Structures are given as structure tokens and as C-alpha cells.
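Chemist:
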Amino acid sequence: MEVTAVATQGGYGSSDWVTSYLLMFSDGGRNWKQYRREESIWGFPGNTNADSVVHYRLQPTFEARFLRFLPLTWNPKGRIGMRIEVYGCAYRSEMVHFDGKSSLLYTFNLKSVNPIKEVISLKFKTRENNGILLHREGPNDKHITLELIKGKLILFLNSGHANLPSPDSLMLGSLLDDEHWHSVLIELLNTDVNFTVDTHTHHFRGKGESNYVDLDYKISFGGIPGHGKSVAFPHKNFHGCFENLYYNGVDIIDLSKKHKPQVLIMGNVSFSCSHTQTVPMTFLSSRSYLVLPGTSREDKVSVIFQFRTWNRAGLLLTSQFQHRSGALILVLSDGKLKLSLSQPGHPARDITAGAGLNDGQWHSVSLSARGNHMSMMVDGESASLAHSLRGQIESGDTYYLGGCPDNNSSHPGCTNSLGGFQGCLRLISIGDEAMDPISVQQGALGSFRDLQIDTCGLTDRCLPSYCEHGGVCSQSWNTFSCDCMHTGYTGATCHSSLYEQSCEAHWHRGNSSGLYYIDSDGSGPLEPSLVYCNMTDTAWTSVQHNGSQLVKVKSLNGESTHPVFFKYIASMDQLQTIIDYADNCQQELTFHCKKSRLSTSQDGTPVSWWVGRTNETHTYWGGSQPDAQKCTCGLEGNCIDSQYYCNCDADRNEWISNTVVLSHKKHLPVTQVVMRDTGQPHSEAAYSLGPLLCSGDNSFWNSASFNTETSYLHFPTFRGELSADVSFFFKTTASSGVFLENLGITDFIRLELRAPTEVTFSFDVGNGPCEVTVQSPTAFNDNRWHHVKADRNVKEASLQVGQHPRKTQPAPADGHARLQLNSQLFVGGTASRQRGFLGCIRSLRLNGLALDLEERATMTPGVEPGCPGHCSTYGHLCRNGGRCREKRRGITCDCTVSAYDGPFCENDISAYFGAGSSVIYNFQEHYNDTFSKNSSSFAALFHEDLTLTGEMATLSFRTTGTPSLLLYVSSFYEEYLSVILAPNGSLQIRYKLDRHREPDVFNFGFKNLADGQLHHVRINREAAVMFVEVNQNARRQVILSSGTEFNAVKSLMLGTILEPLGADPDTLRAGARGFTGCLSAVRFGPAVPLKAALRSGGHSQVTVRGHVATASRCADETGPGAPAREATRPLSGRSGPTDEGRPLVNADRSDSAVIGGVIAVVIFILLCITAIAIRIYQQRWLYQKNETNIPKTGDNAETALKSELNMQCTVNESQKEYFF
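In the working numbering, the protein residues as written are 3 to 1222.
If you want it as C-alpha cells, here you go:
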């Protein structure tokens, strides 16, 4: 009968009832099978008292003749007591038995054939793990074959196309050679195939124009006929039973029993299923064992059995000889069988055979020891060891299979460290006698522990496979695991993506431009995509295609060339997801035409077009509206010929180029461009298509603000039965609140801020409530964004908050696995309107699908779309003095006052200074020349607002020249700051904050910094206290004695300084020598002179003299003190120095000056050269005079330092110096 439901009740008027039980069934009274309510649920909950009835409807139903109820637990105050009722209905059965050499060949009537759809259904059972169930052929080697291979059903589909040499194959089922009935359903509809085995279905669509219905009108069952045309299959026919075999509703078995001519019976076929059934036994745990007696004192040992298991290791058999003269031990180790012989006083001898024996298949084992020979045969392959026995053996009287009793640890085989065997055994023979498991079960033979007899409880935990995204499933008796290598995903079931969802997410991690994998749908079905992320002020995603070169379109024998189809490195589904989530997308199309039009002049019919994502044809170009059939110039009214709406339509005999930007998201990307008007004489056309460019990520910033505890957003029920992941950002000042909740009848899922330092993920899938909590030493309610990622699958649940360690909770091994929810999903609150969340939630994703919080918030009271305040979280991305600026969606870094630029103010601005070059930055415009420069009273009046009580200066340098001036800041009061390298290469800093006092001089170390390496200097002054860092070492503090205020700051100078007023001789000498090398990251307070000088447009306050060239990075230069030529660019845009003494914005001179102006300039230059030559001679004389007081420096650093100190003492006895 077909069993549909069962009901239980306790013993009448007693305290006897069963609280849990197992249900087993069989169709022959042997080889029982256990019923499972779910994939991992074995038992049934029973009664809680003697009177109530507990009823269970069985899904799926099953057919059986025998049922067995096995009580597991019962009322501790009573005994086992059960009243049972079984519900079902009559079941009609037609059977046929194949002996492995027979088959049925069915030839159907052409009129009865449905040319559109075919349906084949049957049930089968067998003990063989290989055999062909059905086969049908067609022309050109076309065929459909259903074959059992290693206990799994594989449906082979060969369409007969030559360009598809290998047939498609669908695989379902596992362990199908268990001598139980299994149902099969095959539905064919043109190229669509539905393949179902038991409760698992595989949907498949064939490639190309394959039609699996168009086959011959014959189909064979149980094997392939030996006559006629046939596909060569080396596999054997089916050996077992079919039940209720139907082809398009025709009962094939009934036709066979009636010997109808449509069915040809080949071989020995019987219409019953009465073959002998084996009696397996299951070793349930590592403590299981079976003890069987043997015939003692025989001169040989012989054991035969079959086993199947998923475990890689375990004890299978051990037996000790008489008088403790030795022992045989058979173990499974690393999937191989190892037979060991141990005898006292002799080393152990081993035989190893087989490989991969933990594959769940039945494997036969035969081992023997006799005389001096020991052998073992595994699956028909033998291995032996001669001369292995020492002396005559006498077999023992006890054989332990699968393990040993606890009190028998002295037995040689029971000390094995591999543990007991878990799996199934059958067909056991010891000596020449087969062992009867039923006698063992009844207690008449041997003994056992933790055994299930007359059933094999081995299950395939990888069917269905819970490993997602191509993860490889492997298993043992108790559990399974997923290998996620090379999948791009991680987690217990390969559910969570390893990659960020977009370039926008990479941007807000502070990543630089480059190639990245992004996973737009997270844990969804789409694979990660390789894109280029261009990190500017916004994040741009660039997706390349295979047609980046210029495509030429020429007529070929009067016909247009074939169009080019653009194939992108991402699939169309991936591209659609990227485009949908992006704020803006565009694609640049450049086309060139010569007597080639985009539309005809007569009626405006397009002769050129492009094809978008959905294979729709579009005739608009550029920024015009869709279907306008006009180019951008036509809409703007600036085409070269006003009669036409596109430049190319003017049909001129000259090349015309246009670059247009296509930006309608729904139509992108471009998949094809067609230009047809190339048939005229001398007509030519060409085009090039740029990559798909998308900016932003609207899901990353999609947010909502919850203003009241009773407010929430609701969405459809979350469907995450077997795998559920939730990710979002939150920020709040509240101490607690529920982020989201979804309820079922008993199941639920909830994420909440339970306390200021505690986030909890709780759920129930039927095994009782489970919680995973992340605790933080600092509060989460700090009004900063925190990222939450919760994941739950059949293996475990996990929770991670920000950078805190990930917390996990394993799932029960054999508990409920499906999360069944039915209420709405509540975000920011609960159905009871209690414990609501106050704050902001953004970027909410469930199983990779982004929820539109802003759209729902616009129609929900108490909730507002959007959430400001991102700089508190992401402001740290703006480095080197860059300032974070809020945007509606995200932030931007303002690098105006930073010595760096780039999206995060990380790209240092570097320049190479040639000999005699300089950069001068004026803090104020030069005042009127009519006032005397020596008028200190006017200077004080005019510049009193530039008095500094503190400043911060930074610079990096690379040079080999000494002495060198690194930085000089002057004032109108003859106060100054100078940073120089002394002749010995040591760093000196001089501060003069009072024109009437001598400068403070600070020497930092004896190390030579003019070594061609990059060095960093940071100076921070607060009144009279100065802090200095060199090469990011510990800060050093010094006290200034010359003053606390830097008055009337005038200018900042880099490089050569010809006449620094009021400077000391060392600064004068270094200024005359200048600086030759690379400077970068120069900053003095808000002034960034190199940025002002080197960036496009220049700055009116900057003057550049000599050769100053842009360098990529000082650290990248190829040689010490010299620029990498390919990395530098002259400031003026051409080789040679810029015009000396002119602001950078006026550095470029016009080539169209009049002759008189040229003559005047030449005269002026000659005068300037004369004046400069006189000044250089004076400076050289002063330098040589100072040099005469300094001994020649050699390799001795101490001598050089003493010489320098002596020279400084002769300059001024009262000058204060500090050494570090």
C-alpha cells in the first residue's frame, strides 16, 4: 500500500507512552529502510501522555508491505506503550525482472506519438551499482541513455551535432543500489529536459537547436539490443526489477505480459521481483562492534565480507591466534585497506590494497593466511606476501568486526588509534561458513553493540549538495564539508562572497585604482566579475570587451562587411546587475565617416545603428533622447551642415570624426554597431567603442533614518530556507534596538543591538532558539557606521561586526535544517512595535539582494530616506591633511591644503630641481613698488594679520649634494625659518623669530642624509616649543629662545636663493648652492608650493626659475639625486628652463608677438643676464670667503663636524646651538 500518514497514542489508562521513535519500512520483510521527515531528521516526536493522539502526514509518501516502529525514548515513570494507526491507499503494481542479460524493445505506433512532449516514468530497485535502464537512438549518433553508474543515475543526451562532440549528462541520486524502490521521471520537450529521481529534479535546456524528441520509434529498457544500429556502450545491462514502466502513458510491462507485438522480449525476463535479499548491518558509531565465533585450531584463517563507508579510516577486523602466537589486523587507513600480521618477536608485516574505498560503494574483501603465505583480495584485485608467517598458525575462536569491547583493550588489534568502523557490512563468511545476521539479532550467535541489523543506514550527505557556487562536497559518517577553493566564495557551504560588491565599496576601503573582482549580487547566483576600478573623486567601474581596436567598414564586392559583435569579459547578467546598481553608466563611441551617412537623405531612414543589451536596435547617438534619430549636434544645432541632424549625413568627401557618449542605462552596453552606407564610390567608415563605464553604487548608500521606536519598514517574507545571509551598516546613539525581524509559526530570525556593546543574531529553525553574539570593548552606539554580516546555513551560524572576530555556532548534526518564515520582514522594528531601532541603516542586503530602503521610507511615517554624517566613519581615508567633505552619497577628500593629491590625498607631488632652479611662493601679492621695501612700519601695518604663533611644515627630499637648502621661509621683518643640509650631510634647522636676536640652530644627528635615499622631515612649532620628526622616528622636542611669533611672513623658497635678507652665513651658503634633486610633499601651514607650481593652471603667487620638472614619485627615481627621465616633465611643457622671474601662469610665451615686442624682450633679457652675472659673482666671492675658513672634508665625519662647528663659532660667538 501507499503509506500517507501515521498516528500514535500511549497505552490505555497507564503511564506507558513513547516520546520518540523511528519509522522503518520494507517490501519483503528484509533489508529495512528508515524514513526521514527531512533531509537530516530521522526520528518522530511521540506522545506526552497516554491519551492524546499525535498524527503525522508523511511528505513524501512511500510504498511498503511491512512497517516497523522502533521506540527510542519513553516515559521514565512507565514502560514502552504504543497504539498505532497507519493511513494509506491501495497501490497497483506491475513488475518485471531483468537478469543482467535481458531487455525489452518497445516499438510505438506513429499515430500515438506526441511530437511535442515525451514522458517516461518507472521505478526500479537493484543490488548492482551499474547497468543501463533505457536507451533510444536517432540519426547522426543522436541518442538518449539512462544509465546507473556507481549507484548514481546519469541521463546522457546526445543531440547529434558535430560541433558538440561530447553528450550532455545529468546526474541525480546516490546509493541507488540499496535494494529499495526508486522512482524516475523523464520529461522531454524540444530542447528542455526535466529529470527527476525520487524527490530531486534537474531542469536542463540543450544547446543550439537540439530536439531530443526527434528520435527513432524504438526504445529499449534494461539494456541495448544486440542487433540493428547501436551506440557502442561498454557497460552492462541492468540487473534488477522495474515497476510501473510507462512511456507516454502506455503500460510497457502490461504489454509485455500480454505478449503484444509492440514489445520484443529479449533474454530471460520474469514478471515478478522475488530475488534473494541480503541482510546488511549498520555500525552506527565508533564504539560499535560485532563479535563472531570462528573455528579454532585450524591451520588457516579465511574471512570474506563486503563493506561500504564514507570514513577514511577505521578498524574492520581483528583476530588473535591460539596461544597468543600472533594476530591479524585489517584497518581502513586513508581510503586504503591495510592487513597487518603481528607475531611476538618478529616485526609486523603489512599488505596494502585498494584506493579511494571510502566512496560509499560496496567493496568486497577476501583475506586468507595459511602456511607461510598471506594474501588479500579487494574488488577482485589481489595482493599477497610470501614467507610472511613464522611457524605454524592456529586460528583463534573469536573475530572482532568494526571495533572491540571496552574490556578487551589487551587484544593487539584493539589498541588501534584509528578508532572503530562506521558504515555497513554484509555477506560475512568466516572459514567456510556464512554468518547469519538474523541469528546475531536474535542473540543466538555472537554479540554486538550499537548495531542496526537488517538495514544499511548509510546516507549520502552530499545529496543534495549544500555546497554552493561550485564548492566540492566531501563527507564522513557524521557530517559533510565543502571545499571552496577557486570558487570566489567562503563559509561552511561556500555561500558568502570573498569580494566587495562594487568599486564604490573598494573606494571606501581606501583601495587605489586597479583590477578587482567585484560580486554585484553578493551570495547570489552570479559569479564575481573582473573589472578595472578607476579611483577618482568617485569610483568608476570599467568593463572591457574584445573590440577595443578601430573597426574599419569597407565595401566588399558591393556588399557591406559583417558587423562586429562585442563580447565583454562579464556576462550579460553580470553587466545588467552592475548597471542596475550604478548611479550612472556611459559608453564612448567614436566613428569616422567619408561619404558614408548614418541615415538616407531622402526619407531619413537609418542606414547605421547600434544594438544594446536586450538586442534592440537604436538609431540615436550621443546624449540625445532614445529613438530621436539625431546625433548630439542635431539636438544642439551645431552640425557642420544645418540641413542634417548628423555630421556624417552631409556626405562629404573628407574624413569627419565624431565622439559621442551613450548614457541611457537601460540600453547599455553596446553589443553591436552597424554602418551600412559604404557602397558609394570612395566611401569609407570606421568606428571604435570604449569600455562600459559606470560610476557609483546606489545600493551601497541606500539608507533610511528611523526616528521613533514604533516605526519600521516592511518588505516581503525573507526566503532563506537553507542559506540565509544578512548584511548592512548601522549607526546610532541609542543603547538598544531591533535591526530586523522575520517570523514564522515557530521559526524566526532576528538581528538586534541588545546592549551598547553587544550585537546579537538569533534564530530558530525548529531545534530551539539559537543565539550568536559579538561583544565589543567599545560601544557601538557612537554614531559611526558599523558593518554587520550574519550568515546561517545547515552547517553553522556566524556573526561578524566590523573588524571584531567572527563568532560561529555549529548547527545540530541531525536537526531541522529549513528556516520556514511566513510573516513580513520588519526592518528597524518588530511586529509588536516594541524595541524599535533609533538611528540609520544602509546597504541592506539579504542573500545578495539589495533592498530599496529609501523608496519604502518615502511612504512610511517616522522613517526618512537617506542618512547624513559619513565623515565620522570614513574621514580617516583622507590622509596627509586632506579634509573630508560630506556628499549626499558618501564623501570626497578635499586636498586643497594638503601637499598630496588623488582621491585620498595620498599621491605625493614631487619635483626635480636642476642646478640653479627655484620655486618661490609669495604668501601675499607684492605690495605696491612705490613703497620702500625697507619701510618696516608700512610692512608691519600691511602684514600684521600674517603673524604666526605656530606652524606645521613637512617635506621629503632625495639628493647627493651638500650643502643644500631644503626650505626657506622669510618675513618682512627679516625673520626666517631655514632647513638645510650641512656640508657633512646632517640636517640643520634654523629659526629666527626676532630680527634683533641671533637664530636658534638645531643639528639633528651625525648621519649623512645626502645619500641618495628618500628622507622625510616634519616640523611642528607651538609658540617656543618645536617638535621635529626625521624619517618618522620618535618626535624630538626643543625650546626656541629667539621668540614665539613668526611675524609678517612673506614668502617660501625652494632651491637656489640669491639674496636672503638677514640670513646667517650657513643659510646664505646653502642658498647660493641651492638644491639639486627631488623634493616632494612640501607644505608650510596651508601653503603647498609644489602643488601650486606643478598643477595645471599654475598659481599667481608662485614663481619658477630654472629647470623644475614634475616627477612621478621621489622614491621611484632611478638614481640618487637624478630624476628618472621618463617620469619627469618640464614645467613649461618643453625642454629647457622657464622664463626666469615670471609667474608660472605666464611661463608660456606666445609665438605670434610682433617684431618690435621681440626686440624689446631681447634687450630686456640682455640687461637681466648682465645683472644676474654680477649677482652670481658676488655670491661666489662670499661663498669662497666662507670656504677658506673650513678645512677640506674627508672621509672622517668627526673632522668634518668639528670644522663646521669651528666655522659657526667664528661667525658669531653669541649664536645658540643645539645638537641631537
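We put the beta carbon where it would ideally sit given N, CA and C, even for glycine.
Values in this document were obtained by computation on a predicted structure and should not be read as measured data.
Taking a contact to mean a Cβ-Cβ separation below 8 Å, would you say Ala-1026 touches Thr-1046 in this structure?
Modeler: Walking along the sequence shown from the start, residue 1026 turns up at place 1024. Walking along the sequence shown from the start, residue 1046 turns up at place 1044. For Ala-1026 and Thr-1046, yes; Cβs fall inside 8 Å.
Chemist: Could you tell me which of Asn-795, Thr-712 and Gly-841 sits nearest to Leu-755, measuring between CA atoms?
Modeler: Stepping through the sequence shown from its first residue, residue 755 is reached at position 753. Among Asn-795, Thr-712 and Gly-841, the Cα nearest to that of Leu-755 belongs to Gly-841.
Chemist: Which residues in the same chain have their Cβ closer than 8 Å to the Cβ of Thr-128, if we skip the five residues on either side of it in sequence?
Modeler: The residue given as residue 128 occupies position 126 in the sequence shown. The residues are Leu-150, Leu-178, Asp-179, Glu-181, Phe-240, His-241, Gly-242 and Cys-243.
Chemist: Which of the three DSSP states, helix, strand or coil, is assigned to His-508?
Modeler: On the sequence shown, position 506 is the one that residue 508 refers to. Helix.
Chemist: Does the beta-carbon distance from Tyr-468 to Asn-795 come in below 8 Å?
Modeler: The residue labelled residue 468 in the question sits at position 466 within the sequence shown. The residue labelled residue 795 in the question sits at position 793 within the sequence shown. A contact, by the Cβ cut-off of 8 Å.
Chemist: Are the stretch 827 to 835 and the stretch 797 to 806 touching, with three or more C-beta to C-beta distances below 8 Å?
Modeler: Short answer: they don't touch.
Chemist: Measure how close the beta-carbons of Thr-6 and Gly-90 come, nearest whole angstrom, since I'm counting them as under 8 Å.
Modeler: Here residue 6 refers to the residue found at position 4 when the sequence shown is read from its first residue. Here residue 90 refers to the residue found at position 88 when the sequence shown is read from its first residue. Contact holds; Cβ gap of about 5 Å.
Chemist: Need the endpoints of the alpha helix (DSSP H) that Gln-578 sits in, please.
Modeler: What you label residue 578 is simply residue 576 of the sequence shown in a count that begins at 1. Segment 574 to 583, the alpha helix (DSSP H) holding Gln-578.
Chemist: To the nearest angstrom, report how far apart Trp-34 and Gly-133 are at their CA atoms.
Modeler: Here residue 34 is taken as the residue at index 32 of the sequence shown, counted from 1. Here residue 133 is taken as the residue at index 131 of the sequence shown, counted from 1. Whole-angstrom Cα-Cα distance: 23 Å.
Chemist: Which of the three DSSP states is assigned to Leu-853 in this structure?
Modeler: One-based indexing of the sequence shown puts residue 853 at position 851. Three-state result, Leu-853: coil.
Chemist: Where Leu-1016 and Tyr-914 are concerned, what is the direct C-alpha to C-alpha distance, given to the nearest angstrom?
Modeler: The residue labelled residue 1016 in the question sits at position 1014 within the sequence shown. The residue labelled residue 914 in the question sits at position 912 within the sequence shown. About 13 Å.
Chemist: Among Thr-1112, Gly-493 and Thr-951, which one has its Cα closest to the Cα of Gly-1087?
Modeler: Reading the sequence shown from its first residue, position 1085 is the one you call residue 1087. The shortest C-alpha separation from Gly-1087 is found at Thr-951.
Chemist: Looking at the secondary structure, which residues open and close the alpha helix (DSSP H) in which Pro-1091 lies?
Modeler: Taking the sequence shown and counting its residues from 1, one reaches residue 1091 at position 1089. Pro-1091 -> alpha helix (DSSP H) spans 1091 to 1096.
Chemist: Measuring CB to CB, does Ile-580 end up less than 8 Å from Cys-696?
Modeler: Counting from 1 along the sequence shown, the entry for residue 580 is found at position 578. Counting from 1 along the sequence shown, the entry for residue 696 is found at position 694. A contact, by the Cβ cut-off of 8 Å.
Chemist: Any idea what DSSP makes of Asp-1068, helix, strand or coil?
Modeler: The residue you call residue 1068 lines up with position 1066 of the sequence shown. Correct three-state label for Asp-1068: helix.
Chemist: With DSSP as the reference, identify every bridge partner of Val-899, one or two as the case may be.
Modeler: For the purposes of this step, residue 899 is taken as the residue at position 897 of the sequence shown. Partner(s): none; Val-899 has no beta bridge.
Chemist: If we count the other Cβ atoms within 10 Å of its Cβ and call it buried at 16 or more, is Pro-346 buried or exposed?
Modeler: As a working note, residue 346 is residue 344 in the sequence shown. That one is exposed.
Chemist: Looking at C-beta atoms only, is the number of pairs between the stretch 563 to 575 and the stretch 542 to 555 that lie closer than 8 Å three or more?
Modeler: Flag = yes, the stretch 563 to 575 and the stretch 542 to 555 touch.
Chemist: So which of Arg-654, Leu-148, Leu-136 and Asn-548 has the shortest CA-CA distance to Ser-598?
Modeler: Here the question's residue 598 lines up with position 596 in the sequence shown. Here the closest residue by C-alpha is Arg-654.
Chemist: With respect to the alpha helix (DSSP H) encompassing Ser-874, which residues constitute its N-terminal and C-terminal limits?
Modeler: Stepping through the sequence shown from its first residue, residue 874 is reached at position 872. That run of the alpha helix (DSSP H) goes 873 to 876.
Chemist: At what residues does the alpha helix (DSSP H) containing Asp-256 begin and finish?
Modeler: Counting from 1 along the sequence shown, the entry for residue 256 is found at position 254. Taken as a continuous stretch (DSSP letters only), the alpha helix (DSSP H) holding Asp-256 covers 254 to 259.
Chemist: Counting Cβ pairs closer than 8 Å, one from the stretch 998 to 1015 and one from the stretch 1033 to 1050, do we hit at least three?
Modeler: With a cut-off of 8 Å, the stretch 1033 to 1050 and the stretch 998 to 1015 count as touching, because enough Cβ pairs lie within range.
Chemist: Report back the beta-carbon spacing between Phe-423 and Gly-405 to the nearest angstrom; my notes put them in contact at under 8 Å.
Modeler: Taking the sequence shown and counting its residues from 1, the one referred to as residue 423 is at position 421. Taking the sequence shown and counting its residues from 1, the one referred to as residue 405 is at position 403. The Cβ separation is near 6 Å, so the contact holds.
Chemist: Phe-68 to Asp-200, Cα distance in whole Å?
Modeler: As a working note, residue 68 is residue 66 in the sequence shown. As a working note, residue 200 is residue 198 in the sequence shown. Cα to Cα, Phe-68 sits roughly 20 Å from Asp-200.
Chemist: At 3 residues or longer, what runs of the beta strand (DSSP E) sit wholly inside the stretch 638 to 715?
Modeler: Runs found: 658 to 664, 674 to 677, 686 to 691, 694 to 697 and 705 to 708.
Chemist: Determine which residues share a DSSP beta bridge with Ala-436 and list them.
Modeler: Reading the sequence shown from its first residue, position 434 is the one you call residue 436. For Ala-436, which the question treats as bridged, DSSP gives the partners Ser-431.
Chemist: Met-677 to Val-613, Cα distance in whole Å?
Modeler: Numbered from its first residue, the sequence shown carries residue 677 at position 675. Numbered from its first residue, the sequence shown carries residue 613 at position 611. Each residue's alpha carbon lies about 12 Å from the other.
Chemist: How many angstroms separate the CA atom of Ser-515 from the CA atom of Gln-477?
Modeler: The sequence position of residue 515 within the sequence shown is 513, counting from 1. The sequence position of residue 477 within the sequence shown is 475, counting from 1. Looking at the two C-alpha atoms, the distance is approximately 42 Å.
Chemist: If we count Cβ pairs, one from each stretch, closer than 8 Å, do we get three or more for the stretch 877 to 889 versus the stretch 1065 to 1074?
Modeler: The stretch 877 to 889 is not in contact with the stretch 1065 to 1074.
Chemist: Helix, strand or coil for Ser-28, going by three-state DSSP, please let me know.
Modeler: The count along the sequence shown starts at 1 and reaches residue 28 at position 26. It is a strand residue.
Chemist: Where does Thr-538 sit, in a helix, a strand or coil, going by DSSP?
Modeler: The count along the sequence shown starts at 1 and reaches residue 538 at position 536. Note: Thr-538 maps to coil in three-state DSSP.
Chemist: Please state whether the Cβ-Cβ distance between Thr-964 and Leu-989 is less than 8 Å.
Modeler: Residue numbering aside, residue 964 sits at position 962 when the sequence shown is read from its first letter. Residue numbering aside, residue 989 sits at position 987 when the sequence shown is read from its first letter. It is not a contact, given that the beta carbons lie outside the stated cut-off.
Chemist: Helix, strand or coil for Tyr-14, going by three-state DSSP, please let me know.
Modeler: The sequence position of residue 14 within the sequence shown is 12, counting from 1. Of the three classes helix, strand and coil, the one that applies to Tyr-14 here is coil, per DSSP.
Chemist: Please report how far the alpha carbon of Lys-119 lies from the alpha carbon of Asn-192, in whole angstroms.
Modeler: What you label residue 119 is simply residue 117 of the sequence shown in a count that begins at 1. What you label residue 192 is simply residue 190 of the sequence shown in a count that begins at 1. Whole-angstrom Cα-Cα distance: 7 Å.
Chemist: From which residue to which residue does the beta strand (DSSP E) around Gly-90 run?
Modeler: Translated into the one-based positions of the sequence shown, residue 90 becomes position 88. Taken as a continuous stretch (DSSP letters only), the beta strand (DSSP E) holding Gly-90 covers 85 to 91.
Chemist: Could you please give the first and the last residue of the uninterrupted beta strand (DSSP E) stretch that includes Ala-815?
Modeler: Counting from 1 along the sequence shown, the entry for residue 815 is found at position 813. Premise fails: Ala-815 is in no beta strand (DSSP E) and is neither H nor E.
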